[in-house]
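Notes for the one structure printed next.
Numbering (our numbering), first residue to last: 60 to 464.
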C-alpha cells in the first residue's frame, strides 16, 4: 500500500515536450542556489500576498510558506478553514452583539444607505464563502501552471528572466496602492455604517470597526485576480516578443527569404502558449462567478449613489466606496481585455508570413497553433454569462441599467 501511495505521489501533473514536473518536492529540488532563485521566483513573490490573505481568512491553504507551490494543499476539514470560520463568525458576532443590526432610517437618504448596508452584509457572506470554497482550491492550479512557465522561461524558451528590481517594483508598487485602497475602503465603510446606527458615537466604534474589517473581503479577491492575471499578461507578451525576435512576424515592407527556422523552439513556444491559455481558463473557473456578482453589486452601488445625489445628500463616504469598486472592476476588465489581445496576437504575427519561407515542420507547428487558438480562444469567461473584455462588459452593464427586470 505504501508503494502504491509513493507511485501515486510521483505521478507527473504536467508534461511538455519531454520535461515534466512532479508533485514531490524532491523531484524539483534545484541543483544550486542560483537555479533555485530563478525557478522559484514567481511563487517567492506571491507567497507573501498569499500569507496576508491567509491571515485575513480569505486564503486558507496549508504549507503556504513553502517555496514549492506544488506542496500547497487545500483541505475542507483543516485548521485553516476553522480559523477563517472563527474569524468570520467573530466579526459578524460583534455586529450583532453591539448593534443587533438595528438601524435608524428616518429619511430617504438613510433608507438608501440601509439598503446598501444590508446588500454589503450579503456581499460579505458571499465573498467569504467564495474565498473559502472557490478561490482557495481553484487558484492552486493557476499558481502551479505559472510556476511551470517560470521554471522553463530561461532554460527551454530562452526568455530573459526579470531582474530583482523589476520583481520588487512589480510587487511593491501595486502592493502599496492596494494596501492604501484597502485601508481607505475599510475606513470609509466604517464611517458609512455609523450614519444609520441608532446608538451613541461611543457605542458605534466596535461595530463600525468590525464592519470595516469585514468589507476588506470585498476587495481581496479582486487583488488576487489582478496579480495573477497581470502575470499571465506579461508571459503572453514575452512569448510574442520571442516570436518577433526569431523573425516570425509580418512587416509587409520587405521581401521574405527562406530562413533556417527552429521548429523545435517554435513547438516549445506553442506548448507554453497553450499552458498560458490553460492558466487563463483556470482563472476563469476560479473567478468567473465572483466577477458576475461584482458587476451586480457595482450596478446596485452606482444606482444607490445616483439616487443619493438626487436626494441632495452628497455623501463622501458613499462616493469613495463606489469609486474604489469601480476602479477595481475597471482594472479587472482592462487586464482581461489585454490578455485577450496579447493571447491572440500570434495569429496577427503569422498571417503575413508566406508559406514558402517556412520549412515543412514549421508549417505544421504554425497550423496546429492557429487551429488550437481557434478552437480554444484566449479570454476570461465570467461564469458563462459574458466574456470579460471592454466591449461585452459595458454592453452588459448598459442593458442591465436599461432593463433592470
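For glycine and all other residues, C-beta sits at the position ideal for the given N, C-alpha and C.
Going straight from the alpha carbon of residue 434 to that of residue 212, what length do you get?
For the purposes of this step, residue 434 is identified with residue 375 of the chain shown, where counting begins at 1. For the purposes of this step, residue 212 is identified with residue 153 of the chain shown, where counting begins at 1. Each residue's Cα considered, the two are about 26 Å apart.
Taking 8 Å as the threshold (C-beta atoms), are residue 265 and residue 329 in contact?
Here residue 329 refers to the residue found at position 270 when the chain shown is read from its first residue. Here residue 265 refers to the residue found at position 206 when the chain shown is read from its first residue. Not closer than 8 Å, so no.
Please say whether residue 346 and residue 286 have beta carbons closer to each other than 8 Å?
Residue mapping note: residue 286 aligns to position 227 of the chain shown, counting from 1. Residue mapping note: residue 346 aligns to position 287 of the chain shown, counting from 1. Their beta carbons are not under 8 Å apart, which means residue 286 does not touch residue 346 by this criterion.
Counting only the same chain and skipping the five closest in sequence on each side, list residues whose C-beta sits under 6 Å from that of residue 196.
Numbered from 1 along the chain shown, position 137 holds the residue referred to as residue 196. Closer than 6 Å at Cβ, skipping near neighbours: 133.
Report buried or exposed for residue 471, applying the criterion of at least 16 other Cβ atoms within 10 angstroms of its Cβ.
With the chain represented from 60 up to 464, any question about residue 471 goes unanswered, as that position is not in the structure.
On the three-state DSSP scale, how would you describe residue 446?
Walking along the chain shown from the start, residue 446 turns up at place 387. Residue state, collapsed to three classes: strand.
Tell me, please, whether the segment 124 to 142 touches the segment 239 to 249 by the rule of three or more beta-carbon pairs shorter than 8 Å.
Touching, no.
State the DSSP-derived secondary structure class of residue 440, mapped to helix, strand or coil.
To locate residue 440, count along the chain shown from 1; it is residue 381. Reduced to three states, the DSSP call for residue 440 is strand.
Which same chain residues, not among the five before or five after residue 352, have their C-beta less than 7 Å away from its C-beta?
As a first step, residue 352 must be located in the chain shown, where it is residue number 293. For residue 352, where only same-chain residues beyond five positions count, the Cβ hits under 7 Å are 185.
Which word fits residue 300, buried or exposed, when buried means at least 16 other C-beta atoms lie within 10 angstroms of its C-beta?
Counting from 1 along the chain shown, the entry for residue 300 is found at position 241. Under this definition residue 300 is an exposed residue.
On the premise that residue 278 lies in contact with residue 387, defined as a C-beta separation below 8 Å, what is that separation, rounded to the nearest angstrom?
Your numbering for residue 387 matches position 328 in the chain shown. Your numbering for residue 278 matches position 219 in the chain shown. Residue 387 to residue 278, Cβ: 6 Å. Contact.
Can you check whether the CB of residue 342 is closer than 8 Å to the CB of residue 288?
Residue numbering aside, residue 288 sits at position 229 when the chain shown is read from its first letter. Residue numbering aside, residue 342 sits at position 283 when the chain shown is read from its first letter. It is a contact, given that the beta carbons lie within the stated cut-off.
Is residue 64 buried or exposed, if buried means 16 or more other CB atoms sit within 10 Å of its CB?
Taking the first residue of the chain shown as position 1, residue 64 is located at position 5. With a pLDDT of 41 at residue 64, under the threshold of 50, the modelled position of that residue is not reliable, and the figure given next carries that caveat. That one is exposed.
I think residue 421 touches residue 273, with their Cβ atoms under 8 Å apart; what is that distance to the nearest whole Å?
Residue numbering aside, residue 421 sits at position 362 when the chain shown is read from its first letter. Residue numbering aside, residue 273 sits at position 214 when the chain shown is read from its first letter. Not quite, the Cβ-Cβ distance comes to about 56 Å (not below 8 Å), so this is no contact.
Exposed or buried, residue 377, counting other C-beta atoms within 10 Å across all chains shown (16 or more means buried)?
Stepping through the chain shown from its first residue, residue 377 is reached at position 318. That one is buried.
Ignore the nearest five residues each way along the sequence and tell me which others in residue 359's own chain have a CB closer than 8 Å to its CB.
Position 300 of the chain shown, counted from the start, is the residue given in the question as residue 359. Counting only Cβ-Cβ distances below 8 Å, and skipping sequence neighbours, we find 175, 178.
Quick check: the Cα distance between residue 214 and residue 294, rounded to an integer number of angstroms?
Here residue 214 corresponds to residue number 155 of the chain shown, with the count starting at 1. Here residue 294 corresponds to residue number 235 of the chain shown, with the count starting at 1. If you take the alpha carbons of residue 214 and residue 294, they lie about 15 Å apart.
Any chance you could list the alpha helix (DSSP H) runs of at least 4 consecutive residues sitting entirely within the segment 237 to 309, in chain order?
Complete alpha helix (DSSP H) runs here, min 4: 264 to 273, 275 to 304.
Where residue 111 and residue 192 are concerned, what is the direct C-alpha to C-alpha distance, given to the nearest angstrom?
For this step, residue 111 is matched to residue 52 along the chain shown. For this step, residue 192 is matched to residue 133 along the chain shown. For residue 111 and residue 192, the distance between alpha carbons rounds to 18 Å.
Shortest alpha-carbon distance to residue 40 belongs to which of 117, 107, 245?
Any property of residue 40 remains undetermined from this structure, which presents the chain solely from 60 to 464.
So what does residue 121 bridge to, in DSSP terms?
Sequence index remark: in the chain shown, residue 121 carries index 62 (1-based). DSSP, once it has assigned bridges, lists 132 as partnering residue 121.
Short of 6 Å in beta carbon distance, which residues of its chain neighbour residue 271, apart from the five on each side in sequence? Order them along the chain.
Along the chain shown, one-based indexing puts residue 271 at 212. Excluding positions up to five away in sequence, the list reads 245, 248, 249.
Is it right to say residue 209 is buried, meaning 16 or more other beta carbons lie within 10 angstroms of its own, or is it exposed?
Numbered from its first residue, the chain shown carries residue 209 at position 150. Buried, since its Cβ has 16 or more Cβ neighbours within 10 Å.
Here's the rule: buried if 16 or more other CB atoms are within 10 angstroms of the residue's CB, otherwise exposed. What is residue 471?
What is shown of the chain runs 60 to 464, which leaves residue 471 out entirely.
Inspect the beta-carbon positions of residue 131 and residue 144 and report whether they are closer than 8 Å.
Translated into positions along the chain shown, residue 131 becomes position 72. Translated into positions along the chain shown, residue 144 becomes position 85. For residue 131 and residue 144, no; Cβs fall outside 8 Å.
If we count the other Cβ atoms within 10 Å of its Cβ and call it buried at 16 or more, is residue 149 buried or exposed?
Indexing the chain shown from 1 puts residue 149 at position 90. Residue 149 is exposed by the Cβ-count criterion.
On a CA-only basis, which of 181, 218, 121 is nearest residue 355? Give me that one, please.
Within the chain shown, the letter at position 296 stands for residue 355. For the residues 181, 218, 121, the minimum Cα distance to residue 355 belongs to 181.
How long is the line joining the alpha carbons of residue 291 and residue 114, rounded to whole angstroms?
Within the chain shown, numbered from 1, the residue matching residue 291 stands at position 232. Within the chain shown, numbered from 1, the residue matching residue 114 stands at position 55. Rounded to whole angstroms, residue 291 to residue 114 spans 26 Å at the Cα level.
Might you give, ordered along the chain, the residues of its own chain that have their beta carbon closer than 8 Å to the beta carbon of residue 121, omitting 5 neighbours on each side?
Counted from its first residue, the chain shown places residue 121 at position 62. Counting only Cβ-Cβ distances below 8 Å, and skipping sequence neighbours, we find 131, 132, 133, 134, 137, 139.
Going by other Cβ atoms of all chains shown within 10 Å of its Cβ, with 16 needed for buried, is residue 402 buried or exposed?
Numbered from its first residue, the chain shown carries residue 402 at position 343. The residue is buried, with at least 16 neighbouring Cβ atoms inside 10 Å.
Please classify residue 418: does DSSP put it in a helix, a strand, or coil?
Here residue 418 refers to the residue found at position 359 of the chain shown. Coil at residue 418, not helix or strand.
In this structure, does DSSP put residue 411 in helix, strand or coil?
Working through the chain shown from its first residue, we reach residue 411 at position 352. Here residue 411 sits in coil by DSSP.
Given that a residue counts as buried once 16 or more other Cβ atoms are within 10 Å of its Cβ, and exposed if not, what is residue 389?
On the chain shown, residue 389 is found 330 positions in, with the first residue counted as 1. With fewer than 16 Cβ atoms within 10 Å of its Cβ, residue 389 is classed as exposed.
Quick one: what's got a C-beta closer than 8 Å to residue 275's C-beta in the same chain, skipping five residues either side?
Within the chain shown, residue 275 is the residue found at index 216, counting from 1. Result list for residue 275: 115, 241, 244, 245, in chain order.
Just reading off the alpha helix (DSSP H) that residue 380 is part of, what are its end residues?
One-based indexing of the chain shown puts residue 380 at position 321. Where residue 380 is concerned, the enclosing alpha helix (DSSP H) stretches over 375 to 402.
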